[in-house]
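Residue numbers for the sequence shown follow the working numbering, beginning at 406 and rising by one.
Positions of the beta carbon are idealized from the N, C-alpha and C atoms, including for glycine.
In this text the structure is predicted, and so the values were computed from the model without any measurement.
First the structure, in the form of structure tokens, and then the observations on it.
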Amino acid sequence: MNTEIHLAQQPEADELLGRSPLAALVGMLLDQQVPMEWAFSGPYTIAQRLGGDDLDAHEIAAYDPDAFAALLSAKPAVHRYPGSMAKRIQQLCQFLVDEYGGEAEAVWRDAGTGKELLGRLVDLPGFGKQKAQIFLALLGKRYGVRPEGWREAAGAYGEAGSYRSAADITGPESLAKVRAFKQEAKAAAKAAKAMGN
């Protein structure tokens with residue numbers, strides 16, 4: 406896996422995301438309640454603080470939980486909620502160790518269909534259906550992982566030419582379009598809620 410990625414908008418962090426399946430998964434896990442660039446630069450920050458140039462699921466799963474939480478909490482924090490995210494990352498890595506020998510890429514490597522891959526992603530700790538669909542779209546659009554029916558399984562996130570999620574980011578311009586889409590969706594949801602009152 407060696408792909409040009411622009412999610413962190415930071416060359417070293419994006420380079421790691423482009424070559425490391427685990428970094429991509431951890432970035433997706435962190436992508437909530439913080440700006441996308443902050444979330445996707447997290448794996449690089451964690452790797453640096455662990456003293457390596459990549460993440461290792463075995464190492465993270467076995468890390469002392471308090472020490473790992475402290476590692477994510479150090480300034481600048483990896484996430485707005487570094488303690489709970491440290492726990493989630495360790496749960497994800499433990500699951501990967503138990504189910505896939507610690508190899509993140511094994512989650513999608515031999516998936517026969519998009520539906521099967523979506524099921525595997527939904528099974529990951531911290532991945533609900535929406536996050537799994539976004540990551541499936543990211544795999545298909547940016548990493549070339551395209552089992553049969555992947556676009557359908559990814560739902561609206563799989564649509565070609567859309568600007569809905571991290572899967573659609575190819576640089577600063579598309580990042581701005583995704584931000585605009587999210588703001589419009591938020592405003593529409595708020596208006597719909599107000600109409601219901």
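Status (buried if at least 16 other CB within 10 Å, exposed otherwise) for residue i
i: THR575; result: exposed
i: GLN438; result: exposed
i: LYS536; result: buried
i: ALA542; result: buried
i: PRO448; result: buried
For residue j and residue i, the rounded distance between their alpha carbons
i: PRO552; j: LYS546; result: 12 Å
i: LEU435; j: TRP443; result: 9 Å
i: ALA475; j: MET600; result: 44 Å
i: VAL550; j: PRO440; result: 25 Å
i: LYS534; j: GLU417; result: 30 Å
i: ALA457; j: ALA597; result: Sequence inspection shows Gly at residue 457; the Ala mentioned does not correspond to that position. Approximately 47 Å between the Cα atoms of the pair.
i: ALA565; j: GLY423; result: 21 Å
i: GLN415; j: TYR486; result: 22 Å
i: LYS595; j: HIS463; result: 42 Å
i: ALA412; j: PHE586; result: Per the sequence shown, the amino acid found at residue 412 is Leu instead of Ala. Cα-Cα distance, rounded: 16 Å.
i: LEU516; j: VAL502; result: First, the residue type needs correcting, since residue 516 is Ala and not Leu in the sequence shown. If I take the Cα positions, the gap works out to 18 Å.
i: ALA452; j: THR408; result: 19 Å
i: SER567; j: ARG556; result: 12 Å
i: ARG514; j: ASP528; result: 16 Å
i: LEU522; j: GLU504; result: 14 Å
Selected residue, minimal CA-CA separation from residue i, among the options
i: LEU544; options: VAL512, ASP461, ILE465 and ALA491; result: VAL512
i: ARG569; options: LYS591, GLU420 and ALA413; result: LYS591
i: ASP461; options: ALA429, LYS480, MET441 and ALA479; result: ALA429
i: MET490; options: SER478, PHE500 and ALA542; result: SER478
i: TYR562; options: LEU580, ARG584 and ILE539; result: ILE539
i: GLY524; options: TYR486, GLY554 and GLU508; result: GLY554
i: GLY488; options: GLN453, LEU501 and PRO470; result: PRO470
i: ASP573; options: GLU589, LYS595 and TYR548; result: TYR548
i: ILE410; options: THR450, LYS598, ALA571 and LYS595; result: ALA571
i: SER376; options: GLY457, ALA594, HIS484 and LYS595; result: For the chain, the structure presents residues 406 to 602; residue 376 sits outside this window and is missing.
i: TYR468; options: LYS480, PRO481, ARG454 and ASP458; result: ARG454
i: ALA388; options: LEU529, VAL502, THR408 and THR450; result: Here the chain covers residues 406 to 602 and nothing more, so residue 388 does not appear.
Beta-carbon separation (whole angstroms), residue i vs residue j, contact threshold 8 Å
i: ALA472; j: GLY519; result: Not quite, the Cβ-Cβ distance comes to about 38 Å (not below 8 Å), so this is no contact.
i: ILE465; j: GLN495; result: 6 Å
i: LEU580; j: ALA509; result: At roughly 24 Å, the Cβ-Cβ gap does not stay under 8 Å, so LEU580 and ALA509 are not in contact.
i: ARG493; j: GLY432; result: That pair is no contact at about 13 Å.
Beta carbon proximity, residue i to chain C, threshold 8 Å
i: GLN414; result: Absent here is chain C; the protein component of the structure consists of one chain.
> Which ranges would you report for the alpha helix (DSSP H) in the segment 487-537 if only whole runs of at least 4 residues count?
Replying inline: As far as the segment 487-537 is concerned, its whole alpha helix (DSSP H) runs of at least 4 residues are 487-505, 511-514 and 519-528.
> In the segment 534-572, which residue ranges form an unbroken alpha helix (DSSP H) of at least 4 residues, counting only runs that do not cross its ends?
Replying inline: Listed in chain order, they are 534-547 and 555-558.
>> Going residue by residue through the segment 447-477, where are the continuous alpha helix (DSSP H) segments of at least 4 residues, counting only ones entirely within it?
In response: If we require 4 residues or more, the alpha helix (DSSP H) runs fully inside the segment 447-477 come out as 462-467.
> Counting only runs that start and end within the segment 577-601, where is the alpha helix (DSSP H) found for 4 or more residues in a row?
Replying inline: Segments of the alpha helix (DSSP H) lying fully in the segment 577-601: 577-601.
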